[in-house]
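>
In the working numbering, the protein residues as written are 9 to 197.
Okay, here's the thing in structure tokens:
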């Protein structure tokens, strides 16, 4: 059952909500404008608030659903976190689009909401606060993502490994953003 849920999580995570929503709305492919990233931030820049919110909800939900199903199946927090990680990997490296996907922040937030809502709320709140202060989505993600790890280590130490891997992957996917930040060229809202 664990492996079935992990495969389901990866396949669900591979659904590119930004691309699907953009196509349904008759808009351009989000990989062709802005940062080229199929995520909510780029959708906000190029497709508007409504489509960005729908993308955010879709990406968040595809991280949350597998974790909730794993919880209902009786899996422990550590196993739920591994299944959630599969969803995030699906978002970052989607089977359906030649393994070129998004950065995984919203999907990771969905995973955190399922595994440990308290850490998710701290992470999401800090993301919003940093975004409001800096007007830079990547800075918000780079600060908010690792912020929940100490709390996870304290409350759910067995789930720390998959969530640390999740954090490392998100930081890795933001490496160009970090270069742009260092060079003063990062996009702002």
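Note that beta-carbon positions come from the ideal geometry of N, C-alpha and C, so glycine has one too.
Because the structure is a prediction, the values reported are computed rather than measured.
1) Pull up the distance between the alpha-carbon of residue 116 and that of residue 177, whole angstroms please.
2) What whole-angstrom Cβ distance do residue 182 and residue 149 have, given they're in contact under 8 angstroms?
3) From residue 69 to residue 76, what does the alpha carbon distance come to, in whole angstroms?
4) Using DSSP with H/G/I as helix, E/B as strand and the rest coil, what is residue 175?
5) Do the segment 16-32 and the segment 88-101 meet, that is, are 3 or more Cβ pairs less than 8 angstroms apart?
6) In this structure, how does DSSP classify residue 45 when only helix, strand and coil are distinguished?
7) Beta-carbon within less than 8 angstroms of residue 126's beta-carbon, same chain only, minus the 5 sequence neighbours each way: which residues are those?
8) Considering only residues of the segment 107-183, which uninterrupted alpha helix (DSSP H) runs meet the minimum length of 4 residues and lie entirely inside it, listed in chain order?
9) May I have the straight-line CA-CA distance separating residue 175 from residue 154, to the nearest angstrom?
10) Which two residues bound the contiguous alpha helix (DSSP H) that contains residue 71?
11) In this structure, does DSSP put residue 9 in helix, strand or coil?
12) Under DSSP, the alpha helix (DSSP H) around residue 194 begins and ends at which residues?
13) Please tell me whether residue 88 and residue 123 are closer than 7 angstroms, where the distance is taken between their beta carbons.
14) Are residue 55 and residue 35 touching if we call contact CB-CB under 7 angstroms?
15) Considering residue 98, what are the terminal residues of the alpha helix (DSSP H) in which it resides?
16) Pull up the distance between the alpha-carbon of residue 26 and that of residue 48, whole angstroms please.
So, from the listed chains and residues:
1) Numbered from its first residue, the chain shown carries residue 116 at position 108. Numbered from its first residue, the chain shown carries residue 177 at position 169. Going by the C-alpha atoms only, they are around 10 angstroms apart.
2) In the chain shown, residue 182 corresponds to position 174, counting from 1. In the chain shown, residue 149 corresponds to position 141, counting from 1. Indeed, because the Cβ distance is near 6 angstroms, the residues count as touching under 8 angstroms.
3) As a working note, residue 69 is residue 61 in the chain shown. As a working note, residue 76 is residue 68 in the chain shown. Near 10 angstroms, if we compare the C-alpha coordinates of residue 76 and residue 69.
4) Taking the chain shown and counting its residues from 1, one reaches residue 175 at position 167. The answer is helix: DSSP assigns residue 175 an H, G or I state.
5) Touching, yes.
6) Residue mapping note: residue 45 aligns to position 37 of the chain shown, counting from 1. DSSP places residue 45 in coil when its eight states are reduced to three.
7) The residue labelled residue 126 in the question sits at position 118 within the chain shown. Within the same chain, residue 126 has close Cβ partners 159 and 163.
8) 113-123, 125-142, 145-155, 157-163 and 168-181
9) Here the question's residue 175 lines up with position 167 in the chain shown. Here the question's residue 154 lines up with position 146 in the chain shown. About 6 angstroms.
10) Position 63 of the chain shown, counting from 1, holds the residue named residue 71. First-last of the alpha helix (DSSP H) with residue 71: 57-80.
11) Here residue 9 refers to the residue found at position 1 when the chain shown is read from its first residue. Correct three-state label for residue 9: coil.
12) By 1-based counting over the chain shown, the position of residue 194 is 186. Segment: none, residue 194 is in no alpha helix (DSSP H) and carries neither H nor E.
13) Here residue 88 is taken as the residue at index 80 of the chain shown, counted from 1. Here residue 123 is taken as the residue at index 115 of the chain shown, counted from 1. In this structure, residue 88 places its C-beta atom within 7 angstroms of the C-beta atom of residue 123.
14) Within the chain shown, numbered from 1, the residue matching residue 55 stands at position 47. Within the chain shown, numbered from 1, the residue matching residue 35 stands at position 27. Result yes, Cβ atoms of residue 55 and residue 35 sit closer than 7 angstroms.
15) Residue mapping note: residue 98 aligns to position 90 of the chain shown, counting from 1. Run containing residue 98: 85-100, per the alpha helix (DSSP H) assignment.
16) Taking the chain shown and counting its residues from 1, one reaches residue 26 at position 18. Taking the chain shown and counting its residues from 1, one reaches residue 48 at position 40. Residue 26 and residue 48: Cα-Cα distance of roughly 7 angstroms.
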